[in-house]
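In what follows, a single structure is set out as structure tokens and then discussed.
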Amino acid sequence: MFERCEPVFWIGPGLLLFFVFVHLPVLLQLALSLTSSGLDGRIAFVGLANFKTLWADADYWFSIVNNIQFAIATVIGKLLLSLILALALNSAFTGQNLFRTIFFLPVIISFVAIGTIWGFMFQFEFGAINQLLNRLGLGALAQDWLGDPRFALWSIVFVDIWKWTGFHMVIYLAGLQALPRELTEAASVDGASAWQRLRYITLPLLSRYTGTNIIIATLGAFSVFDLIYVMTQGGPFGSTQVAMMQVYLQAFQFHRLGYASTQATVLLAIIAIVSIVVMRLTKRADEGEA
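7 is the number of the first residue of the sequence shown in my numbering; add one for each residue after it.
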């Protein structure tokens, strides 16, 4: 009897914790999205009324568009830079571990510290970015990076890429070190160039790691809040408003917890769809290589 129940004994606590901390909050969020509730504790069931309101909420969909732009730019930037760094730091050379540490260091620094530091650096009059441009004789390129709606979102994109590239680099490094060297060595003997080895051997074999990086980067892009709140608080003129900022405002500024849950539910659905698509594409790529 014990032998039959032994798997449940070992797996049960983990499954219970997973349900409590993952599935239960999602279920509570879905339930709350069907209500009109505030911080005063009063709850009234409204059915799909919040979703109807959301469908006509121009501010929310504008934030989704901003979020999509942010996600596309940061995911592409992180993947390209992290892959280049991983390829460069995969070969043994003096100071290899030092450079790996330097590029990974921003990952462990808090969003508040990074947002504050880069906020000062992007200041129009005394910021280090514009000061450097002036020193280089490129003063005409100086901008009010966080105060101009044309540049504010892209300035935060740059900072987000700077922070997280080292994290994705480590994932690619793990993939590169797991690749069978016999394949690349055989290709070298057959006369394949470095570019051909990268294109036809390394990149296809890294597809699983690329998929992992895309999913993680996409999740991070659609859940970004701290960095934007510290650097611009959604301004100027709403140009850096993203979905999580809208959820925060509805919940804690306008005290509409039910409507905020509705916004979060739609955002969760978008993230889930993107993740499923990426996983399917990654699986097909792996099956194609097999």
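A virtual CB, placed ideally from N, CA and C, is assigned to each residue, including glycine.
query                                                                                                                                                                        : result
Helix, strand or coil, according to DSSP, for isoleucine 115 in the structure here?                                                                                          : coil
Are the beta-carbon atoms belonging to methionine 250 and leucine 273 less than 9 Å from one another?                                                                        : yes
Taking phenylalanine 327 and serine 161 to be in contact with their CB atoms under 8 Å, please state how far apart those CB atoms are, rounded to whole angstroms.           : Nothing about residue 327 can be read from this structure; the chain reaches only from 7 to 296.
Is it true that the region 87-107 meets the region 254-272, where meeting means three or more beta-carbon pairs spaced less than 8 Å apart?                                  : no
Checking the sheet assignment: what are the DSSP bridge partners for serine 199?                                                                                             : Per DSSP, none; premise fails for serine 199.
Would you report the Cα separation of glutamine 183 and asparagine 96, rounded to the nearest angstrom?                                                                      : 8 Å
Counting only C-beta atoms, is leucine 139 closer than 9 Å to chain B at any point?                                                                                          : Checking the listed chains, one finds no chain B in this structure; it contains a single protein chain.
So, under 8 Å CB-CB, phenylalanine 132 and glycine 153 are touching, yes? Tell me the CB distance rounded to an integer number of Å.                                         : Not confirmed; about 13 Å, so no contact.
Write down every uninterrupted run of the alpha helix (DSSP H) in the region 86-164 whose length is 4 residues or greater and which is fully enclosed by it, in chain order. : 102-110, 117-127, 134-141
Could you check how far apart the C-beta atoms of phenylalanine 228 and alanine 77 are, in whole angstroms? I think they sit under 8 Å.                                      : 6 Å
Counting beta carbon pairs with one atom in the region 177-193 and one in the region 201-213, are three or more of them shorter than 8 Å?                                    : yes
Distance check for isoleucine 221 and arginine 286, CA to CA, integer angstroms please.                                                                                      : 12 Å
Among the candidates Leu54, Ile114, Thr238, Ala148, whose CA atom is the shortest distance from the CA of tryptophan 124?                                                    : Thr238
Cβ atoms of serine 43 and glycine 264: under 9 Å apart, would you say?                                                                                                       : yes
Exposed or buried, which one is glutamine 252 when buried takes at least 16 other CB atoms within 10 Å?                                                                      : buried
With DSSP as the reference, please indicate the residues paired to phenylalanine 51 in a beta bridge.                                                                        : Thr41
Does the Cβ-Cβ distance between glycine 244 and isoleucine 167 come in under 9 Å?                                                                                            : no
Report yes if the C-beta distance between tyrosine 1 and phenylalanine 231 is below 9 Å; otherwise report no.                                                                : The shown model of the chain, from 7 to 296, leaves out residue 1, and the question about it has no answer.
In angstroms, rounded to a whole number, what distance separates the CA positions of lysine 306 and alanine 37?                                                              : Absent from the structure is residue 306, since the part of the chain shown begins at 7 and ends at 296.
By Cβ distance, which residues of its chain are closer than 7 Å to valine 81, with the 5 residues on each side in sequence left out?                                         : Ile220, Ala223, Thr224, Ala227
In three-state terms, what does DSSP make of phenylalanine 243?                                                                                                              : coil
Quick check on histidine 174: does DSSP put it in helix, strand or coil?                                                                                                     : helix
How is the alpha helix (DSSP H) around arginine 2 delimited, first residue to last?                                                                                          : Given a span of 7 to 296 for the chain in the structure shown, any question on residue 2 remains unanswerable.
Out of curiosity, what's the CA-to-CA distance linking isoleucine 308 and leucine 233?                                                                                       : Lying before the first or after the last residue shown, residue 308 is absent from the chain, which here runs from 7 to 296.
Under a three-way DSSP split, which group does histidine 261 fall into?                                                                                                      : coil
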